[in-house]
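Q: In this note's numbering, the protein residues as written are 535 to 940.
Following this message is one structure expressed as structure tokens.
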Ligand code: C5P
């Protein structure tokens with residue numbers, strides 16, 4: 535009974551793999567979970583709501599209204615009730631709608647209102663799975679923090695052989711059990727994460743900034759929070775949202791503001807991961823009026839910004855962990871090691887601008903981790919959400935040598 539007390543929404547969509555939802559549901563109930571089934575209209579063509587209602591002991595919901603008594607199924611209440619939402623099988627159509635916020639049925643409105651983590655188990659034909667639009671939609675779902683249960687390879691209902699088959703119910707159940715176990719890994723721990731660029735104001739309409747999207751820092755914050763940690767995310771101006779309610783997001787614009795917030799919160803944290811691309815310089819004077827265009831050159835005098843990571847490095851206690859990033863174009867490892875020592879970091883994450891698909895704005899990153907004990911680990915090009923897992927795993931590993939503080 536490893537899922538005792540867990541409340542799970544099982545979303546079922548119109549795929550031939552919908553029959554496996556019955557086995558999945560049965561397995562979840564056996565493990566002690568309370569399961570509410572929500573079906574798309576087409577799912578009913580593949581499996582009867584009666585089957586799923588009988589197995590779950592609750593009506594399998596499939597429309598906004600119950601026609602017989604006019605009762606309203608509230609997607610908002612459902613989304614708040616659950617500890618986890620699992621969509622299995624998820625068709626290409628549902629994945630596309632989820633990626634784009636097209637909520638034309640109860641399942642997708644529930645997904646959009648859900649405050650809990652969401653797992654998606656795609657099921658489709660191999661050509662559909664390989665289509666660029668499906669790939670893009672799955673990446674979008676990943677970037678929103680959803681967990682994708684990769685389909686298996688094998689014989690498909692169409693007779694074709696390839697990737698697209700929904701994972702077996704037992705595999706999905708063990709992933710769900712692992713997920714809840716993982717969720718407790720960093721319970722009662724707090725981490726500070728910085729993310730995004732800083733914008734150093736020149737005048738009311740102009741600033742000095744950089745191309746940082748905040749994606750890497752947000753992915754790390756989400757993963758820490760998914761493992762049960764409280765996260766204080768101090769972020770510069772970015773266009774992304776947090777999903778996990780364990781994240782306390784603090785928005786700043788300037789490097790000095792970021793420093794102030796970090797100094798305020800660091801003491802109460804078990805560690806800090808400094809992902810922000812802080813502007814190195816800021817204008818000495820911010821003009822109060824827009825600078826007028828002139829025919830001659832215009833000079834802006836800059837002063838260096840405080841080094842936030844180094845400032846935390848100076849006050850860090852032995853049982854606090856400090857992680858930095860280095861984006862290098864040459865002599866990468868040597869520069870990264872020098873930075874780690876100068877800022878008193880426990881480990882540094884190196885990404886090179888030489889690698890295609892790595893760095894600012896991309897959804898992927900190829901990193902090396904160098905630690906203060908001289909260990910160097912190189913990783914493949916991965917989604918930033920997966921890179922975040924590698925970085926947090928390293929943090930947990932290094933914390934093994936740090937005595938408990940709280
Ligand atoms: O020295 P450099 O900017 O290359 O160092 C990068 C690392 O230091 C990153 O972890 C970044 O978040 C942090 N940093 C900082 N404050 C600065 C500059 C960099 O926290 N002013």
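All residues carry an ideal CB built from backbone N, CA and C; glycine is no exception.
1. In this structure, does DSSP put residue 570 in helix, strand or coil?
2. Return the first residue and the last residue of the beta strand (DSSP E) that residue 740 is part of.
3. Indicate, with yes or no, if ligand 1 has a heavy atom lying under 7 Å from the CB of residue 899.
4. Between the alpha carbons of residue 826 and residue 906, how many angstroms are there, rounded?
5. How would you write the range of the alpha helix (DSSP H) that residue 610 sits in, first residue to last?
6. Can you tell me the Cα-Cα spacing of residue 670 and residue 631, whole angstroms?
7. Less than 7 Å separating the Cβ of residue 786 from some heavy atom of ligand 1?
8. Answer with buried or exposed for residue 837, where buried requires no fewer than 16 other C-beta atoms within 10 angstroms of its C-beta.
9. When burial is assigned at 16 or more other CB atoms within 10 Å of the CB, is residue 638 buried or exposed?
10. Quick check: the stretch 775-783 against the stretch 692-711, are there 3 or more CB pairs under 8 Å?
11. May I ask which residues mark the beginning and end of the alpha helix (DSSP H) holding residue 664?
12. Cα separation between residue 833 and residue 623?
13. Given residue 569, which residues of its chain have a CB within under 7 Å of its CB, disregarding the five upstream and five downstream residues?
14. By alpha-carbon positions, which one of 695, 656, 759, 745 ends up nearest to residue 721?
15. At a cut of 8 Å, does the stretch 664-679 reach the stretch 716-730 through at least three beta carbon pairs?
16. For residue 598 and residue 537, which I take to be in contact (beta-carbon distance under 8 Å), what is that distance rounded to the nearest angstrom?
17. What are the start and end residues of the alpha helix (DSSP H) that includes residue 651?
18. Can we say the stretch 732-745 touches the stretch 811-818, given the rule of at least three CB pairs closer than 8 Å?
19. Under the criterion of a Cβ to heavy atom distance below 7 Å, does residue 839 qualify as lining ligand 1?
20. Quick check: the stretch 684-697 against the stretch 603-612, are at least 3 beta-carbon pairs closer than 8 Å?
21. Find out if the Cβ-Cβ distance for the pair residue 861, residue 878 is shorter than 8 Å.
22. Could you check whether the stretch 744-751 touches the stretch 707-715, counting it as contact only if at least three pairs of C-beta atoms, one from each stretch, sit closer than 8 Å?
23. What does the alpha-carbon distance come out to for the pair residue 797 and residue 843?
24. Comparing the CB of residue 926 with every heavy atom of ligand 3, is any distance shorter than 7 Å?
25. Is residue 728 near ligand 1, with its Cβ less than 7 Å from a heavy atom?
26. Mind checking whether the beta-carbon of residue 772 lies closer than 7 Å to any heavy atom of ligand 1?
27. By Cβ distance, which residues of its chain are closer than 7 Å to residue 613, with the 5 residues on each side in sequence left out?
A: This is what the structure holds:
1. Indexing the chain shown from 1 puts residue 570 at position 36. Correct three-state label for residue 570: strand.
2. As a working note, residue 740 is residue 206 in the chain shown. Element bounds for residue 740: 740-742.
3. On the chain shown, position 365 is the one that residue 899 refers to. For residue 899, the shortest C-beta to heavy atom distance toward ligand 1 is 7 Å or greater.
4. The residue you call residue 826 lines up with position 292 of the chain shown. The residue you call residue 906 lines up with position 372 of the chain shown. For the pair residue 826 and residue 906, the Cα-to-Cα distance works out to about 50 Å.
5. Here residue 610 is taken as the residue at index 76 of the chain shown, counted from 1. Going by DSSP, residue 610 is part of the alpha helix (DSSP H) stretching over 609-615.
6. Mapped onto the chain shown, residue 670 falls at position 136. Mapped onto the chain shown, residue 631 falls at position 97. Cα to Cα, residue 670 sits roughly 12 Å from residue 631.
7. Within the chain shown, the letter at position 252 stands for residue 786. For residue 786, the distance from the CB to the nearest heavy atom of ligand 1 is not below 7 Å.
8. Along the chain shown, read from residue 1 onward, the residue named residue 837 stands at position 303. It counts as exposed.
9. The count along the chain shown starts at 1 and reaches residue 638 at position 104. With fewer than 16 other CB atoms across the displayed protein chains lying within 10 angstroms of its CB, residue 638 is exposed.
10. With the rule of 3 Cβ pairs closer than 8 Å, the stretch 775-783 does not count as touching the stretch 692-711.
11. Here residue 664 refers to the residue found at position 130 of the chain shown. Here the alpha helix (DSSP H) through residue 664 covers 660-664.
12. Walking along the chain shown from the start, residue 833 turns up at place 299. Walking along the chain shown from the start, residue 623 turns up at place 89. Residue 833 and residue 623 have their alpha carbons spaced roughly 60 Å apart.
13. Within the chain shown, numbered from 1, the residue matching residue 569 stands at position 35. Around residue 569, the same chain offers 542, 544, 559, 562, 563, 590 as residues with beta carbons nearer than 7 Å, after the five sequence neighbours per side are excluded.
14. Residue numbering aside, residue 721 sits at position 187 when the chain shown is read from its first letter. For residue 721, the nearest C-alpha among the options comes from 759.
15. No, the stretch 664-679 does not touch the stretch 716-730.
16. Counting from 1 along the chain shown, the entry for residue 598 is found at position 64. Counting from 1 along the chain shown, the entry for residue 537 is found at position 3. Not a contact, Cβ separation roughly 28 Å.
17. The residue labelled residue 651 in the question sits at position 117 within the chain shown. No alpha helix (DSSP H) holds residue 651; DSSP gives it neither H nor E.
18. Verdict: yes, contact present.
19. Position 305 of the chain shown, counted from the start, is the residue given in the question as residue 839. At least one heavy atom of ligand 1 is nearer than 7 Å to the Cβ of residue 839, so yes.
20. The answer is no - the stretch 684-697 does not touch the stretch 603-612, with fewer than three Cβ pairs under 8 Å.
21. On the chain shown, position 327 is the one that residue 861 refers to. On the chain shown, position 344 is the one that residue 878 refers to. Not in contact: residue 861 and residue 878 (Cβ atoms no closer than 8 Å).
22. The stretch 744-751 is not in contact with the stretch 707-715.
23. Along the chain shown, read from residue 1 onward, the residue named residue 797 stands at position 263. Along the chain shown, read from residue 1 onward, the residue named residue 843 stands at position 309. Cα to Cα, residue 797 sits roughly 10 Å from residue 843.
24. Of the ligands this structure carries, namely ligand 1, none is ligand 3.
25. Translated into positions along the chain shown, residue 728 becomes position 194. Yes, Cβ of residue 728 sits closer than 7 Å to a heavy atom of ligand 1.
26. Counted from its first residue, the chain shown places residue 772 at position 238. Checking the Cβ of residue 772 against ligand 1 gives no.
27. Residue numbering aside, residue 613 sits at position 79 when the chain shown is read from its first letter. Excluding the 5 residues flanking it on each side, residue 613 has same chain C-beta neighbours closer than 7 Å at 644, 647, 648, 649, in chain order.
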